[in-house]
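Top line first, the protein sequences correspond to chains A and B. Okay, so the first sequence: first residue is 5 according to my numbering, each after it adds one. Okay, so the second sequence: first residue is 5 according to my numbering, each after it adds one. Taking it in order: structure first as structure tokens, then the write-up.
There are 2 protein chains.
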Amino acid sequence: MASYKDKKVITIGMVSELTGLTERKIRYYEERKLIHPERTKGGTRRYSFNDVEKLMTIADQMEDGMQTFEIRKRFEKEERSVRNKMLRGQINAQFNMRK
Amino acid sequence: MASYKDKKVITIGMVSELTGLTERKIRYYEERKLIHPERTKGGTRRYSFNDVEKLMTIADQMEDGMQTFEIRKRFEKEERSVRNKMLRGQINAQFNMRK
DNA sequence: CGTGTAAGGAATTCTGACACG
DNA sequence: CGTGTAAGGAATTCTGACACG
Chain A
5 MASYKDKKVI TIGMVSELTG LTERKIRYYE ERKLIHPERT KGGTRRYSFN DVEKLMTIAD
65 QMEDGMQTFE IRKRFEKEER SVRNKMLRGQ INAQFNMRK
Chain B
5 MASYKDKKVI TIGMVSELTG LTERKIRYYE ERKLIHPERT KGGTRRYSFN DVEKLMTIAD
65 QMEDGMQTFE IRKRFEKEER SVRNKMLRGQ INAQFNMRK
């Protein structure tokens, strides 16, 4: 499941370059809980390629005039749906084991 | 062909963490032409996940007492073989187009 | 609300060199 | 040859704040 796309290894400078967003914006979207980079011991942020993709989605939605809290709600909704899907998968698997 | 694995986005500090190698070693293997990171405008090195994997291979071979120039020759050999394979693929493709 | 910017400091990285073996 | 280390400087990142709208 976790692969290179999820490894938090990219600095904010590279993310800025990859997405075209300013560092200010990237930090702000974190403040608004849209992304969740990790930190090194020293405190510098590290992002994954998934974060980069997410930021590009965010950029699109911001351009469409959406507000950060709306975007956040969408992401949360999406995550719930993914989790439910996985849960159902597990339940089915167990069910199949029984019979 | 080029994917996330080939994107040069990782700093030497992260590479050191991921591979367990010291930064000194990582820079030295570059000096010996075993790896080829890119540079930012500012001059800091950026590595790809492929570089990270390559470094782990290098570490293994160094442990086995191999010398850097040997390891380098191996890599070059491997690259030639890959290129040849691709070339043959292209030739076959063209040949198949003709008939 | 979303974003720019100047400010001061801290973490990160760089190079060239000396050392050892 | 391969690697550690101290040295000085440059690039990168961080936070909190003020500004505008």
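Cβ atoms here follow ideal geometry from the backbone N, Cα and C, with glycine treated the same way. Predicted model only: the values in this text are computed from it and were never measured.
1) May I ask you to list the residues that DSSP assigns as paired with E42(A)?
2) Would you call the CB atoms of I16(B) and I14(A) closer than 8 Å?
3) Quick check: L22(A) and I39(A), are their CB atoms within less than 8 Å of each other?
4) Measuring CA to CA, which of R49(B), N96(B), E82(B) and G93(B) is closest to I30(B)?
5) Whose C-alpha, out of Y33(A), G93(A), T61(A) and Y51(A), is nearest the C-alpha of P41(A)?
6) Please report the distance separating the alpha-carbon of Y8(B) from that of N54(A).
7) Are the beta-carbon atoms of R36(A) and T72(A) separated by less than 8 Å?
8) Could you work out which residue in S20(B), E34(B) and G47(B) is closest to T44(A) when comparing CA atoms only?
9) Closest by CA to M5(A), which one among M90(A), N96(A) and I95(A)?
10) So is R58(B) in contact with chain A if we call contact Cβ pairs under 8 Å?
11) So that I know if they touch, is there some Cβ in chain B lying closer than 8 Å to that of K9(A)?
12) Using DSSP bridges, identify the partner residues of I14(B).
13) On the CB-based measure, 16 or more other CB atoms within 10 Å of its CB, does V86(B) come out buried or exposed?
14) Taking C-beta pairs closer than 7 Å, name the residues in chain A that F73(B) reaches, listed in chain order.
15) Please tell me whether R50(A) has its Cβ less than 8 Å away from any Cβ of chain B.
16) First and last residue of the alpha helix (DSSP H) that includes K29(B)?
17) List, in chain order, every chain B residue whose beta-carbon is nearer than 8 Å to that of I14(A).
18) To the nearest angstrom, how far is the alpha carbon of M18(A) from that of Q94(A)?
In this structure, then:
1) R50(A)
2) no
3) no
4) R49(B)
5) Y51(A)
6) 10 Å
7) yes
8) S20(B)
9) M90(A)
10) Strictly speaking, residue 58(B) in this sequence is Lys, with Arg absent from that position. For K58(B), the answer is no, since every Cβ of chain A falls outside 8 Å of its Cβ.
11) K9(A) counts as touching chain B.
12) I14(A) and Y51(B)
13) By the neighbour-count rule (16 or more Cβ atoms within 10 Å), V86(B) is not buried but exposed.
14) Chain A residues near F73(B): none, gap ~30 Å exceeds 7 Å.
15) By this cut-off, R50(A) is an interface position.
16) E27 to E35
17) V13 and I14
18) 38 Å
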